[in-house]
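Undergrad: Numbering (the numbering used here), first residue to last: 34 to 385. The beta-carbon is built from N, C-alpha and C at its ideal position, and this holds for glycine as well. Pasting in a structure now, in structure tokens, and then I'll have a few things to ask.
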């Protein structure tokens with residue numbers, strides 16, 4: 034690639050002169066299929082020489098242009114595409130991984146929950162689930178779910194035994210803590226509620242400024258709670274107090290918006306161990322840095338109008354990203370790792 038600087042004014046002479054050569058370069062290997070190559074990893078410059086008593090953790094100079102920030106190749110590899118898991122189902126919702134990396138997902142329309150092992154093999158885990166959805170795995174190893182029709186939250190053991198956790202609740206999404214507490218989102222009432230380890234429930238946020246709360250997830254260290262707004266360009270961020278209360282809520286992660294719609298369409302949230310937030314949206318999977326900026330946008334597993342819904346990390350190493358689209362579940366091996374409710378991790382300090 035070379036740079037040719039024109040000396041003409043606002044006319045077509047320069048463009049017309051270089052167009053043939055540019056097209057020859059663009060089509061130089063035709064009819065050979067286009068080969069997608071990942072850029073080389075950036076080389077971090079060494080720290081400058083320091084005195085003996087200098088801070089050994091002082092930051093290095095910034096990476097050279099072409100670094101991974103903002104590049105999808107910092108998250109995905111082109112030679113590891115999306116894979117469909119299982120078949121086409123009546124509906125697919127809320128993938129959730131257990132301690133072995135198996136991923137459970139719900140088919141609320143058929144009243145079933147399925148289990149996918151590390152190889153992608155799918156088996157029926159539970160039948161007659163009363164439309165269970167919003168699956169999450171708890172620190173106790175049980176699979177938690179919301180039964181909207183019965184207005185309750187339940188949990189399932191390894192054998193599928195069902196236990197009622199809370200009655201008279203409407204939970205559209207769940208977020209579980211290492212201490213056994215459960216945050217649940219009531220979209221219709223626009224409230225976030227907390228069921229503490231003793232089983233007592235209370236409202237911890239009325240979501241006053243959130244137009245359409247659709248999903249929630251905790252930060253890797255469980256110090257923050259993120260709430261998605263399907264009608265707004267920001268997700269909301271709340272600090273989690275010692276007693277589980279939510280404080281200092283503010284719009285934080287800024288999402289890219291569709292050109293012809295004022296709504297982000299966010300339906301699902303998750304985080305990785307570095308503190309990046311993953312939001313399924315009308316445009317695709319948006320990946321936001323800790324400081325709130327959208328850094329990457331991953332395409333949907335399948336092109337078309339079918340929306341993507343819920344998202345989660347799974348696999349033995351937590352390095353498979355699972356996402357629902359239409360009546361299908363997809364997964365893709367990535368360069369990041371997810372976080373489990375029973376094992377909070379402190380993310381690295383955010384960079385600017």
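1. If you count every other CB in all the chains shown that lies within 10 Å of the CB of residue 191, and 16 or more means buried, which is it?
2. List the DSSP bridge partners of residue 203.
3. Say the cut is 8 Å; is the CB of residue 343 nearer than that to a heavy atom of the ligand GTP?
4. Distance check for residue 307 and residue 363, CA to CA, integer angstroms please.
5. With residue 286 as the anchor, note down where its alpha helix (DSSP H) starts and where it stops.
6. In angstroms, rounded to a whole number, what distance separates the CA positions of residue 59 and residue 285?
7. Which word fits residue 248, buried or exposed, when buried means at least 16 other C-beta atoms lie within 10 angstroms of its C-beta?
8. If we ignore side chains and look at the alpha-carbon of each, how far apart do residue 277 and residue 351 end up?
9. Give every residue of the same chain whose Cβ lies closer than 6 Å to the Cβ of residue 240, excluding the five residues on either side of it in the sequence, and list them in chain order.
10. Distance, Cα to Cα, residue 118 vs residue 194?
11. From the DSSP output, in three-state form, read off residue 385 for me.
12. Mapping DSSP to helix, strand and coil, what is residue 37?
13. Assuming residue 299 and residue 309 form a contact by the criterion Cβ under 8 Å, report the distance between their Cβ atoms to the nearest whole angstrom.
14. If contact is defined by three or more beta carbon pairs under 8 Å, each pair taking one atom from either stretch, is the stretch 173-181 in contact with the stretch 122-137?
15. So, using beta-carbon positions, are residue 21 and residue 218 closer together than 9 Å?
16. Return the residue from the list 62, 260, 205, 294 that minimises the CA-CA distance to residue 272.
17. Note the first and the last residue of the continuous alpha helix (DSSP H) segment covering residue 49.
18. Taking the continuous beta strand (DSSP E) assigned at residue 235, which residues delimit it?
19. Since residue 318 sits in a beta bridge, which residues does DSSP pair it with?
TA: Well, looking at it:
1. exposed
2. In DSSP, residue 203 forms no bridge with anything.
3. Of ligands this structure carries none, so the ligand GTP is not represented either.
4. 23 Å
5. If you look at residue 286, you'll find it isn't in any alpha helix (DSSP H); it sits in the beta strand (DSSP E) that goes 279-287.
6. 41 Å
7. buried
8. 26 Å
9. Hits under 6 Å: 223, 246.
10. 25 Å
11. coil
12. coil
13. Contact between residue 299 and residue 309 fails: their C-beta atoms lie close to 15 Å from each other, not under 8 Å.
14. As far as the Cβ criterion goes, the stretch 122-137 touches the stretch 173-181, which means the pair count is three or higher.
15. The shown model of the chain, from 34 to 385, leaves out residue 21, and the question about it has no answer.
16. 260
17. 46-59
18. 234-238
19. 313, 331
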